[in-house]
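Participant: Following this message is one structure expressed as structure tokens.
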Amino acid sequence: MEWFRWERNPWGQEILIGLSWDLIWVAVAAGALLIVVHALLYYWRWRGAGTGKISENLLDQLPERILRHSVTSRVFHWVMAASVLTLLFTAFLPIWGVKFSWVTAHWIAGLVLTAAIIFHIVHASLWKGLGLIWINSQDLSDGWLVVKQALGSTGSAPGKPGKNPLENKLFHHVVAIATLATIITGLIMMAKVDTPWWKRNPYILSDDTWGIIYVAHGAGSVALITFIMAHFYFAARPEKRWITLSMLRGWISRERYLEHYDESRWPVGAAASGDAAASAARQSEVEGL
Amino acid sequence: MAIIQDMMPAFELFQPASVNDALALLSRHGKDTWVLGGGMDSLDWFKDRVKKPKVVIDLGNIKEIEGIRQQGDGVEIGAMTTLTQVATNSLIQSRYGLLAQAARKVATPQIRNQGTIGGNVSQDARCWYYRDGMPCYRAGGNTCYADTPTAMNREHCLFEADRCVAVTPSDTAPALIALDAKFVIRNSKGERVVDAEDFFIGPKVDIKRMTILKPGDLLTAIRLPATWAGARFYFEKVSDREAWDFPLVNVASAMIVEGGTIKQARVVVGGVANRPLRLKPVEDSLRGERVSEETAELAGQTAIWGAKPLNHNHYKVSLMKNLVKRSVRGVKV
Amino acid sequence: MGNGRVFLKSDSSKGLTFAEAAQQAIKLGGKYSGKELPKELNPITARAATGLAGQGLVGVAKDNLPIKGAPFAFCATFVQVEVDLETGHVEIKECVEVADCGTVIHPKNLGNQLTGGAVQGFGFALTEKHVFDTKLGLAATKGLHGAKPLTFLDVPLDMQWEAVNQPDKYNPVGVKGIGEPPLGAAASAVLSAISDALGGVFFNRTPVTCDMILNAAEKKPQSYKPLEVNV
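Residue numbers (our numbering), protein chains in the order written: chain P, 1 to 289; chain G, 1 to 333; chain S, 1 to 231.
Dropping the structure here:
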């Protein structure tokens, strides 16, 4: 299997062009492997693990619906999702053999994604707080306990996580790295497109440098195939259905909240945002259940 | 053209005697095969060592795809018919003079004696950056060297640039589209017939191919229906010199004119896009109009809508306008 | 001399064939067969003569004749062109050349030189150029096809020539050279004719290709910048 694509120029030099398209199949295989391994392990060992007990008295103190994702967050997520899927389809379908005019749709979706990412960085940092996504030591120790439990050892059970358990944060980070690599190299490639503001000029970089940029672009996008396959899989899993729905509806039930999350690490009750509860209540009115 | 490096790299040569044998060879040897028609382009690629197929299938011995014969009220031309045969055939000259004129203008007499019409329509782009071996999009790389602020792109395209700005170099292609020719393609799964217009693809469909032919396909024949036989034809090729030169812009038109009014028209221009452009807006503007200087002028102006010249080829806008105008005017001045 | 023999003018039966003369020269040796050379020869000529020595009759000398002034040869060329203002195509309808190259000693050869030189000159004026991509340093116009010398279909079928036939007084035979003048003359004539056809547009560069003519005729700007070369 080739890792890279090379071409010769008239001076006999080998020029790096990009990643080999074989890697697409490697990514798909990796994604499929992840899915199969998880499904097997889940049904074999993990089913039922991880749900905690609910203290009844807390239930009454909480509104029926707990806000997990605000409207803004959800809009961002779906705009990002639509643009990422457009990017992936316009990129990989022609390689697979479905020929159509893909270039313009591809970079327009790329610009949409860039805008969404910039928005997200500002909005999530300033309005939501970086603590929601940075991995802290408690996450790591809990994560280690989860691994041990999964491997069968009977020790202390891991504590309940905050809003984003370790796996969420890890997933966010790897996707962020892959996406940023692809987007930044993609933005550099915009120099090759004629726009009302600039004329196409590939000579801002040498052929060799472009090769590296294309390799990074390819690596990021191919990795995204695997990550998104995994993401779709987990979103579709029945025991995670309630989380998936929260990205559409915005809320999770108070039962789920108490089952899965540590109140002190993700406060939503009386102590925390009266706003959060109020907006959740408003939302349930708006959505009419 | 690239520097002649050395001898051709070695390949296995097959000379089948029938189309079925050729197709069997194609499916057996898969991707690294090259189909050889007259060899007028292929041998240059091999000698310059830019293309190095492992297997070459020479169609020169296949009698069934050579020759011009009447078919119903139309004509079928075998893909291996030489351009000289096409240009001098009495059937073509009398009823499809447009194709005879176009074939007559290709390259030189020597090339026409050996080059085939199938090869002429399937030939590869002539962009000199591509031909010189630069690793451009068409060659599998990720840049176009002809569409840059400093590139020498006098011969390149005005329309449909999609990462590649090379133009179609064929003279017979516009004539065949104007005559509503049908291309017969065979592969191991069977035979299909495509309109001439659909035979040529642009870079947005597949940047590495000029035509709809995929590995394993063979163009076996070109059929000319009776629709445009005997119509009023116009062909003009503008190039730097009168022989052995690819067109800067060429125009082929067929018009059915009754009593001075244009009933139907087909106008096709080559050399301005990656494929020969059939100018449907021009054809629409001509239908029902009288043949006059005003009609011709309007046709010319209509033809150049949406042209996007590069740094050295804006003369092609004027040239295309004038050629379309002349094709309506009818008489070569 | 005639029919491969050298003979007495008064009695043609007395003579030698070229082969016999050569054999005699080899037998005589010395200055007849190139073994002895005049001292003032150019070193390259001397080396060439030494290489041929002993193979036959070798005659070699240096031109030591007195020279007063520079004996240039001249050619005046007249050309009529037809310029198609809609396509920029130039057709050379007629060409007449008159050469001043001293005494004409080989008319057929002179005719070839004049017409052949003119064809080259037409090429200089109309199609031949060097094009380079400035970023890559790649030459676009390679090979016979890229260099675009003119073909038979581009030159007039009938090209007339004449020679003034006035001997050059500084040459014992009265001859001058004629290789280069026809080119320059033909190129200039075509360029002048095109400028005249366009009503006084001067390009000040060669070649003048159809795209340049078309841009001038349609009053559009040219693609090249004023002092840009190899375009």
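A virtual CB, placed ideally from N, CA and C, is assigned to each residue, including glycine.
Tell me the residue span of the beta strand (DSSP E) that contains R5 (chain S).
Facilitator: The count along the third sequence starts at 1 and reaches residue 5 (chain S) at position 5. Element bounds for R5 (chain S): R5 to F7.
Participant: Would you kindly work out how many angstroms separate the C-alpha atoms of E287 (chain P) and R265 (chain P), rounded to a whole number?
Facilitator: Within the first sequence, numbered from 1, the residue matching residue 287 (chain P) stands at position 287. Within the first sequence, numbered from 1, the residue matching residue 265 (chain P) stands at position 265. Confidence at E287 (chain P) is low in this model, with a pLDDT of 49, below 50, so its placement is unreliable and no value can be given for it.
Participant: Between the alpha carbons of F202 (chain S) and Y224 (chain S), how many angstroms are there, rounded?
Facilitator: Here residue 202 (chain S) is taken as the residue at index 202 of the third sequence, counted from 1. Here residue 224 (chain S) is taken as the residue at index 224 of the third sequence, counted from 1. Using only the alpha carbons, I get a separation of about 14 Å.
Participant: For S170 (chain G), would you say it is in contact with chain S, using Cβ-to-Cβ distances shorter than 9 Å as the test?
Facilitator: For this step, residue 170 (chain G) is matched to residue 170 along the second sequence. Chain S, which has no Cβ nearer than 9 Å to the Cβ of S170 (chain G), makes this no.
Participant: What residues from chain P crowd round K204 (chain G), counting only those whose CB sits closer than 7 Å?
Facilitator: Numbered from 1 along the second sequence, position 204 holds the residue referred to as residue 204 (chain G). Here the neighbours are S101.
Participant: Starting from A163 (chain S), follow its DSSP beta bridges and name the residues at the other end.
Facilitator: Counted from its first residue, the third sequence places residue 163 (chain S) at position 163. Answer by DSSP bridge pairing, in chain order: S:A99.
Participant: At a CB-CB cut-off below 9 Å, which residues of chain G make contact with E64 (chain P)?
Facilitator: By one-based count along the first sequence, residue 64 (chain P) stands at place 64. Correct list: empty, because the minimum Cβ distance to chain G is about 53 Å.
Participant: Indicate whether at least one CB of chain G lies closer than 9 Å to the CB of W3 (chain P).
Facilitator: The sequence position of residue 3 (chain P) within the first sequence is 3, counting from 1. It does not; no Cβ of chain G falls within 9 Å.
Participant: Who are the neighbours of N187 (chain G) on chain P, taking C-beta pairs under 9 Å?
Facilitator: Locating residue 187 (chain G) in the second sequence gives position 187, where the first residue counts as 1. The premise fails here: N187 (chain G) is roughly 16 Å from chain P at the closest Cβ pair, so nothing lies under 9 Å.
Participant: Using the C-alpha atoms, what's the distance from L23 (chain P) back to M1 (chain P)?
Facilitator: As a position in the first sequence, residue 1 (chain P) is number 1, starting the count at 1. As a position in the first sequence, residue 23 (chain P) is number 23, starting the count at 1. One C-alpha to the other measures close to 9 Å.
Participant: With a threshold of 8 Å, are at least 3 pairs of Cβ atoms found where one atom belongs to the segment 187 to 205 of chain G and the other to the segment 156 to 164 of chain G?
Facilitator: The segment 187 to 205 of chain G is in contact with the segment 156 to 164 of chain G.
Participant: Between the Cα of C337 (chain G) and the Cα atoms of P:L41, P:D194, P:I212 and P:W3, which residue gives the shortest distance?
Facilitator: Residue coverage of chain G in this structure runs from 1 to 333, which leaves residue 337 (chain G) outside it and unanswerable.
Participant: Within 9 Å (strictly less), CB to CB, does S223 (chain S) reach chain G?
Facilitator: For the purposes of this step, residue 223 (chain S) is taken as residue 223 along the third sequence, with counting starting at 1. At least one chain G Cβ lies under 9 Å of S223 (chain S).
Participant: Where does I183 (chain P) land, buried or exposed, given buried means 16+ other C-beta within 10 angstroms?
Facilitator: Here the question's residue 183 (chain P) lines up with position 183 in the first sequence. Flag for I183 (chain P) reads buried.
Participant: Along the beta strand (DSSP E) that carries K263 (chain G), what are the first and last residues, could you check?
Facilitator: Here the question's residue 263 (chain G) lines up with position 263 in the second sequence. From DSSP, the beta strand (DSSP E) with K263 (chain G) extends over T261 to G270.
Participant: Throw me the rounded Cβ distance for the S262 (chain P) and G162 (chain P) pair, which I believe falls under 8 Å.
Facilitator: Residue 262 (chain P) sits at position 262 when you count from the first residue of the first sequence. Residue 162 (chain P) sits at position 162 when you count from the first residue of the first sequence. Here residue 262 (chain P) is Asp; the residue named in the question, Ser, does not match the sequence. Going by Cβ atoms, the distance from D262 (chain P) to G162 (chain P) rounds to 6 Å, so yes, they are a contact pair.
Participant: Check distances from the C-beta atoms of the segment 123 to 140 of chain S to those of chain G and list, in chain order, the residues that come in under 9 Å.
Facilitator: Answer in chain order: G123, L126, T127, V131, F132, D133, T134, K135, L136, L138, A139 and A140.
Participant: Is D139 (chain P) buried or exposed, if buried means 16 or more other CB atoms sit within 10 Å of its CB?
Facilitator: Against the first sequence, residue 139 (chain P) aligns to sequence position 139. Classification of D139 (chain P): buried, given that the 10 Å Cβ count is 16 or more.
Participant: Where S284 (chain P) and E64 (chain P) are concerned, what is the direct C-alpha to C-alpha distance, given to the nearest angstrom?
Facilitator: Counting from one through the first sequence, the residue named residue 284 (chain P) turns up at place 284. Counting from one through the first sequence, the residue named residue 64 (chain P) turns up at place 64. Bear in mind that a pLDDT of 49 at S284 (chain P), under 50, signals an unreliable position, so the model cannot answer this.
Participant: Look at the alpha carbon of S327 (chain G) and the alpha carbon of V56 (chain G), and state the distance between them as a whole number of angstroms.
Facilitator: Locating residue 327 (chain G) in the second sequence gives position 327, counting from the first residue. Locating residue 56 (chain G) in the second sequence gives position 56, counting from the first residue. Straight-line Cα distance between these residues: approximately 41 Å.
Participant: Of the residues that make up the segment 23 to 36 of chain G, which ones have a beta carbon closer than 9 Å to any beta carbon in chain P?
Facilitator: Hits within the stretch: zero.
Participant: Does the distance between the C-beta of E40 (chain S) and the nearest non-hydrogen atom of the ligand MG fall short of 8 Å?
Facilitator: As presented, the structure is devoid of all ligands, the ligand MG included, so that no description of it is given.
Participant: Establish whether the CB of R163 (chain G) and some CB of chain P are separated by less than 9 Å.
Facilitator: Taking the first residue of the second sequence as 1, we reach residue 163 (chain G) at position 163. Yes, its Cβ sits closer than 9 Å to a Cβ of chain P.
Participant: Could you check the C-alpha separation between S20 (chain P) and P109 (chain G) for me, to the nearest Å?
Facilitator: Reading the first sequence from its first residue, position 20 is the one you call residue 20 (chain P). Reading the second sequence from its first residue, position 109 is the one you call residue 109 (chain G). For S20 (chain P) and P109 (chain G), the distance between alpha carbons rounds to 45 Å.
Participant: DSSP on D284 (chain G), reduced to helix/strand/coil?
Facilitator: Residue numbering aside, residue 284 (chain G) sits at position 284 when the second sequence is read from its first letter. Note: D284 (chain G) maps to helix in three-state DSSP.
Participant: Would P182 (chain S) and T77 (chain S) be called neighbours here (beta carbons separated by less than 9 Å)?
Facilitator: In the third sequence, the residue the question calls residue 182 (chain S) occupies position 182. In the third sequence, the residue the question calls residue 77 (chain S) occupies position 77. Yes, these two residues count as a Cβ contact at 9 Å.
Participant: For the segment 190 to 219 of chain S, enumerate the residues whose C-beta is nearer than 7 Å to any C-beta of chain G, in chain order.
Facilitator: Against chain G - using a Cβ distance shorter than 7 Å - the residues of the segment 190 to 219 of chain S are T209, C210, D211, L214, N215 and E218.
Participant: Would you say G141 (chain G) reaches chain P, if we count a Cβ-Cβ gap shorter than 9 Å as a contact?
Facilitator: For the purposes of this step, residue 141 (chain G) is identified with residue 141 of the second sequence, where counting begins at 1. Cβ-Cβ to chain P under 9 Å: yes for G141 (chain G).
Participant: Pull up the DSSP beta-bridge partners for D133 (chain S), would you.
Facilitator: Translated into the one-based positions of the third sequence, residue 133 (chain S) becomes position 133. Answer by DSSP bridge pairing, in chain order: S:L138.
Participant: Does L145 (chain P) come out as helix, strand or coil in the three-state DSSP assignment?
Facilitator: By 1-based counting over the first sequence, the position of residue 145 (chain P) is 145. Helix.
Participant: Using DSSP's beta-bridge definition, name the partner residues of I92 (chain S).
Facilitator: If you number the third sequence from 1, residue 92 (chain S) lands on position 92. Looking at the DSSP assignment, I92 (chain S) forms a beta bridge with S:V81.
Participant: Let me check understanding here. Comparing Cα to Cα, which of P:F89, P:T185 and P:A176 lies closest to I133 (chain P)?
Facilitator: Taking the first residue of the first sequence as position 1, residue 133 (chain P) is located at position 133. Comparing Cα positions, the closest option is P:A176.
Participant: Work out the CA separation of A235 (chain P) and W251 (chain P) for me, nearest whole Å.
Facilitator: In the first sequence, the residue the question calls residue 251 (chain P) occupies position 251. In the first sequence, the residue the question calls residue 235 (chain P) occupies position 235. Those two C-alpha atoms are separated by around 16 Å.
Participant: Would you call the CB atoms of A99 (chain S) and E180 (chain S) closer than 9 Å?
Facilitator: Numbered from its first residue, the third sequence carries residue 99 (chain S) at position 99. Numbered from its first residue, the third sequence carries residue 180 (chain S) at position 180. No, Cβ-Cβ distance for A99 (chain S) and E180 (chain S) is not below 9 Å.
Participant: Work out the CA separation of A223 (chain P) and N9 (chain P) for me, nearest whole Å.
Facilitator: Along the first sequence, one-based indexing puts residue 9 (chain P) at 9. Along the first sequence, one-based indexing puts residue 223 (chain P) at 223. Rounded to the nearest angstrom, the two C-alpha atoms are 30 Å apart.
Participant: What residue does the alpha helix (DSSP H) around E2 (chain P) start on, and which one ends it?
Facilitator: Mapped onto the first sequence, residue 2 (chain P) falls at position 2. Element bounds for E2 (chain P): n/a, residue is neither H nor E.
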